[in-house]
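Here is the structure we will look at.
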Amino acid sequence: MAVVSREARVSRAPAVKLSLNRIMLWVVGLGVTALVVWRIAGTAALGLYGPDVWLMQTLNGLVQGSMYALVALGYTMVYGILLMINFAHGEIFMIGAMSGYFVLNGFHQSGFLASNPVPALLITFIVGMGVPPIVGVLLERIAYRPLRRAPRLVPLICAIGASFFLQQAVRLLFGIRTKVYPTVAVLSGSWTITVGEREMRIQHMSVLIIVITIVLMVALYLLVRKTKIGKAMRAVAEDKEAAALMGIDVDQVIMVTFAIGAILAGAAGVMWGLWYKQVIHTVGFIPGIKAFTAAVLGGIGNIPGAMLGGLFLGFVEAIAPTALDISTQLKDVISFGLLVIVLIFRPSGILGEVLTGKKA
Amino acid sequence: MALLEIDNIHTYYGNIHALKGVTISVDKGEIVTLVGANGAGKSTTLNTICGILKPRHGEIRLNGESLNTLKPHEIVAKGISQAPEGRRIFSRLTVMENLEMGAYTRSDRNGIAQDLERVFSIFPRLKERARQVGGTLSGGEQQMLAIARALMARPRVLLLDEPSMGLAPILVQEIFSIIREINQQGTTILLVEQNVNMALQIAQRGYVLETGRVVLQGSAKELRENPEVRAVYLGETRH
Chain A
15 MAVVSREARV SRAPAVKLSL NRIMLWVVGL GVTALVVWRI AGTAALGLYG PDVWLMQTLN
75 GLVQGSMYAL VALGYTMVYG ILLMINFAHG EIFMIGAMSG YFVLNGFHQS GFLASNPVPA
135 LLITFIVGMG VPPIVGVLLE RIAYRPLRRA PRLVPLICAI GASFFLQQAV RLLFGIRTKV
195 YPTVAVLSGS WTITVGEREM RIQHMSVLII VITIVLMVAL YLLVRKTKIG KAMRAVAEDK
255 EAAALMGIDV DQVIMVTFAI GAILAGAAGV MWGLWYKQVI HTVGFIPGIK AFTAAVLGGI
315 GNIPGAMLGG LFLGFVEAIA PTALDISTQL KDVISFGLLV IVLIFRPSGI LGEVLTGKKA
Chain B
5 MALLEIDNIH TYYGNIHALK GVTISVDKGE IVTLVGANGA GKSTTLNTIC GILKPRHGEI
65 RLNGESLNTL KPHEIVAKGI SQAPEGRRIF SRLTVMENLE MGAYTRSDRN GIAQDLERVF
125 SIFPRLKERA RQVGGTLSGG EQQMLAIARA LMARPRVLLL DEPSMGLAPI LVQEIFSIIR
185 EINQQGTTIL LVEQNVNMAL QIAQRGYVLE TGRVVLQGSA KELRENPEVR AVYLGETRH
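For the protein sequence lines, the chains are A and B, in the order given. According to my numbering, the first sequence is numbered sequentially starting from 15. According to my numbering, the second sequence is numbered sequentially starting from 5.
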C-alpha cells in the first residue's frame with residue numbers, strides 16, 4: 015500500500031511543479047506586459063513627443079531592422095540546412111563592412127567618389143558583397159565540412175573559434191584603428207516633410223538602405239522559391255540523403271547557402287558603414303548577436319521569419335526607449351529581454367513551426 | 005555483359021559486416037528482384053549501388069564502367085536512380101517541385117517535359133495534385149510520387165526499395181502493375197521486396213538474400229517453385 019501511494023505521489027509531483035512553473039511564467043509575463051503598458055501610457059499622457067518623433071523613430075527602426083534582417087537571413091539559412099548556428103556570421107558581416115570601407119575610402123582619396131558617386135557606390139557594394147562569400151565558403155570548406163558528422167556541439171564551438179580567428183586576422187592585417195567611412199555627398203541630403211505642425215527630415219541614406227534591403231529580400235525569395243538551386247536548397251534542408259539520391263550535389267548546395275548568406279551580410283556591412291560611419295574589427299559582434307536574436311525571434315530556419323524578426327527587432331529597439339521613456343542605452347536590454355520572453359512563451363519563434371525532435 | 009554488375013561487394017556499417025560478397029547482375033530490359041527477410045542486406049545493397057554506402061571490397065559496374073569512386077549525385081547522372089525505402093519525398097516541396105528535383109542532373113528541357121508527360125500519364129493522380137505540397141499526399145500517392153520522381157532522372161536502371169510497404173492490398177496490386185508497365189516501356193528495374201509473392205510474379209529473375217549473402221538465385225519461375233522459398237517466403241507449410 016505504502017509503496018503504491020509513494021509512487022503515486024512521485025508521479026504527480028512533476029505535474030504540480032510544471033503547472034506552478036507555468037503560473038509563475040505567466041505572472042512574470044503579465045507583469046512585464048503591465049509594466050510596459052503603464053510606461054507607454056505614462057509617456058503618452060505626458061505628450062512629450064509629436065507624431066514626427068514617432069515617425070522618425072519608426073524610420074530609424076526600419077533602417078536598423080533592415081541590417082539585422084539581412085544578417086539574420088544568413089543565420090537562419092545555414093541553420094535550416096545544417097542545423098548549426100554559424101556564430102562566425104557576425105564576422106562575415108564585419109568583413110563586408112571592412113571591404114566596403116577600403117573601396118569607398120580609396121575612391122574618396124582619388125576623388126572618384128566626388129566626381130562619379132553612383133558608380134563608386136555601386137562598386138563599393140559589389141566588393142562589399144563579393145568578398146564575404148569567399149570567406150564564408152572557405153570557412154565552410156575548412157572549418158565546418160570536416161565536422162559535419164561530429165556531435166552538434168563540436169561545429170558550434172568551432173564556429174566560435176572561427177569568429178575569434180576572423181576578428182583577430184582582420185585586426186592584424188588592417189590594424190586596430192577605427193576606420194571612418196567617407197561622407198557620400200549624394201546620400202547626405204534629406205527630404206523635408208511636414209508632419210502635423212512640425213517638420214521632419216528623411217535622410218536619402220535611410221531610403222536607400224530600405225530600398226536595397228527590399229530588393230535583396232525579393233531576390234532571395236524568388237531564388238529560393240523559383241530557381242532550381244533554390245528548390246534544391248529546400249530539398250537538402252529537408253532530407254540530405256534523399257536529395258543526394260536525386261542527383262543533387264549536397265556539398266555544392268551547402269556551399270551556395272553559405273555564399274548567399276554571406277552576400278546578404280556583406281550588403282548589411284556596407285550599409286552599416288554608410289549609416290554609422292565607423293567600422294572596426296569588432297563591429298560584427300553586437301550586430302551578429304542581435305541578428306541571431308532576430309532569427310530566433312522570427313523562428314530559426316524560417317526565411318520570412320528572419321526578415322520579419324530583423325525588422326521587428328530594429329523597430330522595437332528604436333521605438334521602445336522613447337515609448338517607455340528610458341535611456342536609449344537600454345535598448346540592448348530591451349532586445350535581449352524580448353528574446354527571453356519570446357523563448358519562454360513561444361520557443362519556436364513568431365513564424366517558426368513547432369520543432370520536431372530532429373531539429374530541437 | 006550485363007547492364008548493371010554488382011561484383012562480390014563487401015559493405016560494412018562500422019565493424020558490422022553487412023554484405024559478405026554479394027554478386028548480382030541485371031540485364032537490359034529486365035525486372036530483377038532481390039528478396040529476403042529484414043536485415044538480410046537488401047536496402048544495404050541498393051544504397052551501396054547508389055553510393056550512399058561505399059563497398060570495402062568488390063566493384064559495381066554500369067555498362068562495364070566502375071561506379072566505386074563516384075559520389076551519389078554522380079551515380080544518378082550516370083543513369084541509376086532510386087525510389088528509396090519509406091518514400092522520402094520532400095514533404096514541403098510541391099509534387100511538381102519533387103518531380104523537378106528528380107530531373108536535377110538533366111538539362112534537356114524537351115526531354116524533361118516529355119518525361120513529365122510520361123509520368124503524369126502513368127500516375128494521373130499526381131497531375132491533379134501537382135501544386136500540392138508532398139506532405140499532404142496519402143501513403144499510396146507518396147509512393148507513386150517517389151517512383152515518378154526517380155523516373156524523372158530517365159534512369160537506365162531504376163532501383164525500387166519496398167514500393168509495396170505499408171500500402172493497402174488494392175494499392176499494392178496497382179503499384180505492381182505500374183512497375184510492370186514502366187518496365188514494358190523500356191526501363192530496367194531492380195526491385196527489392198518483402199512481398200515475395202508479388203515480386204516473383206512480375207520479375208524475370210530473382211536473388212534471395214540471407215544475412216548479407218546470396219543464398220539462391222534463378223528465374224522467377226524456378227524460385228517460385230523452389231521448396232525452400234515456398235516454405236520460408238511464400239508462407240507455405242512443409243509437408
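For every residue, glycine included, the Cβ atom is placed at its ideal position computed from N, Cα and C. Because the structure is a prediction, the values reported are computed rather than measured.
_Could you check whether the Cβ of residue 354 of chain A sits closer than 7 Å to any heavy atom belonging to the ligand GDP?_
Because no ligand of any kind appears in the structure shown, any question about the ligand GDP cannot be addressed here.
*How about residue 245 of chain A: is its C-beta nearer than 8 Å to some C-beta of chain B?*
True, the Cβ-Cβ gap to chain B drops below 8 Å.
*Terminal residues of the continuous beta strand (DSSP E) containing residue 223 of chain B?*
Its beta strand (DSSP E) spans residues 217 to 223.
*What is the DSSP secondary structure of residue 45 of chain A, counted as helix, strand or coil?*
Looking at residue 45 of chain A - three-state DSSP - the assignment turns out to be helix.
*Give the secondary structure of residue 274 of chain A by DSSP, where H, G and I count as helix, E and B as strand, and everything else as coil.*
Assignment of residue 274 of chain A by DSSP, reduced to helix, strand and coil, places it in the helix class.
*In this structure, does DSSP put residue 341 of chain A in helix, strand or coil?*
In the structure shown, residue 341 of chain A falls within a coil segment according to DSSP collapsed to helix, strand and coil.
_Own chain, CB closer than 6 Å to residue 91 of chain A, minus 5 neighbours either side, in chain order_ = So the qualifying residues of the chain are 271 and 275.
*Mark residue 37 of chain B as exposed unless 16 or more other C-beta atoms lie within 10 angstroms of its C-beta, in which case mark it buried.*
Label assigned to residue 37 of chain B: buried.
*Can you give, in chain order, each stretch of the alpha helix (DSSP H) that sits fully within the stretch 217 to 266 of chain A and has at least 4 residues?*
For the alpha helix (DSSP H) assignment, the uninterrupted runs of no fewer than 4 residues enclosed by the stretch 217 to 266 of chain A are, from N- to C-terminal side, 218 to 240, 242 to 252 and 254 to 259.
*asked:* At a CB distance below 8 Å, what residues from the stretch 259 to 282 of chain A approach chain B? Give them in sequence order.
replied: Within the stretch 259 to 282 of chain A, the residues whose Cβ lies closer than 8 Å to some Cβ of chain B are 259, 260, 261, 262, 263 and 264, listed in chain order.
*asked:* If we define contact as Cβ-Cβ less than 8 Å, is residue 20 of chain B a contact residue for chain A?
replied: Output row for residue 20 of chain B: interface = no.
*In this structure, does DSSP put residue 24 of chain B in helix, strand or coil?*
In the structure shown, residue 24 of chain B sits in a strand (DSSP, three-state: E or B).
_So the candidates are A:159, A:98 and A:102; which of them puts its Cα closest to the Cα of residue 178 of chain A?_
The residue among A:159, A:98 and A:102 with its C-alpha nearest the C-alpha of residue 178 of chain A is A:102.
*How many angstroms separate the CA atom of residue 20 of chain B from the CA atom of residue 44 of chain B?*
Computed Cα separation, rounded: 13 Å.
*Quick one: what's got a C-beta closer than 6 Å to residue 128 of chain B's C-beta in the same chain, skipping five residues either side?*
So the list is empty, once near-sequence residues are dropped.
*Using the C-alpha atoms, what's the distance from residue 260 of chain A back to residue 322 of chain A?*
The straight-line gap from Cα to Cα measures roughly 33 Å.
*Give a yes or no on whether 8 Å exceeds the smallest Cβ distance from residue 346 of chain A to chain B.*
When Cβ-Cβ separations below 8 Å define contact, residue 346 of chain A makes no contact with chain B.
*Inter-residue spacing [alpha-carbon to alpha-carbon] between residue 247 of chain B and residue 62 of chain B*: Shown here, chain B extends from 5 to 243; a query on residue 247 of chain B therefore has no answer.
*In the DSSP assignment, find the unbroken alpha helix (DSSP H) run with residue 232 of chain B in it and report its ends.*
First-last of the alpha helix (DSSP H) with residue 232 of chain B: 231 to 236.
*Note down, in chain order, all residues in the stretch 156 to 178 of chain B with a beta-carbon under 7 Å from any beta-carbon belonging to chain A.*
For the stretch 156 to 178 of chain B, residues whose beta-carbon sits nearer than 7 Å to a beta-carbon of chain A comprise 157.
*Take residue 180 of chain B and list the residues in its own chain whose beta-carbon comes closer than 6 Å to its own, dropping the five residues that flank it on each side.*
The residues 202 and 206, in chain order, have a CB closer than 6 Å to that of residue 180 of chain B in the same chain once the five nearest residues on each side in sequence are set aside.
*Label residue 20 of chain A either buried or exposed according to how many other C-beta atoms from any shown protein chain fall within 10 Å of its C-beta, with 16 as the threshold for buried.*
Because the pLDDT of residue 20 of chain A is 44, which lies under 50, any placement of that residue in the model is unreliable, and the number read from its coordinates should be weighed accordingly. That one is exposed.
*Going by the CB atoms, is the gap between residue 214 of chain A and residue 69 of chain A shorter than 8 Å?*
Residue 214 of chain A is positioned such that its CB atom lies closer than 8 Å to that of residue 69 of chain A.
*Assuming residue 338 of chain A and residue 57 of chain A form a contact by the criterion Cβ under 8 Å, report the distance between their Cβ atoms to the nearest whole angstrom.*
Between residue 338 of chain A and residue 57 of chain A, the beta carbon gap of about 7 Å places them in contact (Cβ cut-off 8 Å).
*May I ask you to list the residues that DSSP assigns as paired with residue 205 of chain A?*
According to DSSP, residue 205 of chain A bridges with A:216.
*Can you tell me the Cβ-Cβ gap for residue 376 of chain A and residue 267 of chain A, rounded? I've got them flagged as a contact below 8 Å.*
Not covered by the structure: residue 376 of chain A. The range shown for chain A is 15 to 374.
*Pick from B:15, B:25, B:27 and B:46: whose alpha carbon is nearest that of residue 198 of chain B?*
Closest by C-alpha distance to residue 198 of chain B, out of B:15, B:25, B:27 and B:46, is B:46.
*asked:* If you follow the alpha helix (DSSP H) that residue 103 of chain A is in, where does it begin and where does it stop?
replied: If you look at residue 103 of chain A, you'll find it in the alpha helix (DSSP H) that goes 103 to 124.
*How many Å lie between residue 33 of chain A and residue 336 of chain A at the Cα?*
Rounded to the nearest angstrom, the two C-alpha atoms are 36 Å apart.
*Expected contact under 8 Å - CB spacing of residue 7 of chain B and residue 67 of chain B to nearest Å*: The pair is a contact, with the Cβ atoms about 6 Å apart (cut-off 8 Å).
*Could you tell me whether the stretch 27 to 34 of chain B touches the stretch 185 to 198 of chain B, using the rule of 3 or more Cβ pairs below 8 Å?*
The stretch 27 to 34 of chain B vs the stretch 185 to 198 of chain B: in contact.
*Contact residues within the stretch 31 to 62 of chain B, judged by C-beta distance below 7 Å to chain A*: The stretch 31 to 62 of chain B vs chain A, Cβ under 7 Å: 54 and 56.
*Where the stretch 115 to 140 of chain B meets chain A: residues whose CB sits under 8 Å from a CB there*: Result list empty, no residue passes.
*asked:* Once DSSP output is grouped into helix, strand and coil, what is the label at residue 295 of chain A?
replied: The answer is coil: DSSP assigns residue 295 of chain A none of H, G, I, E or B.
*Using a Cβ-Cβ cut-off of 8 Å, state whether residue 382 of chain A counts as contacting chain B.*
Residue 382 of chain A is absent from the structure shown; chain A starts at 15 and stops at 374.
*Do you know whose CA, among B:80, B:76 and B:148, lies nearest residue 57 of chain B's CA?*
Comparing alpha-carbon positions, the option among B:80, B:76 and B:148 lying closest to residue 57 of chain B turns out to be B:76.
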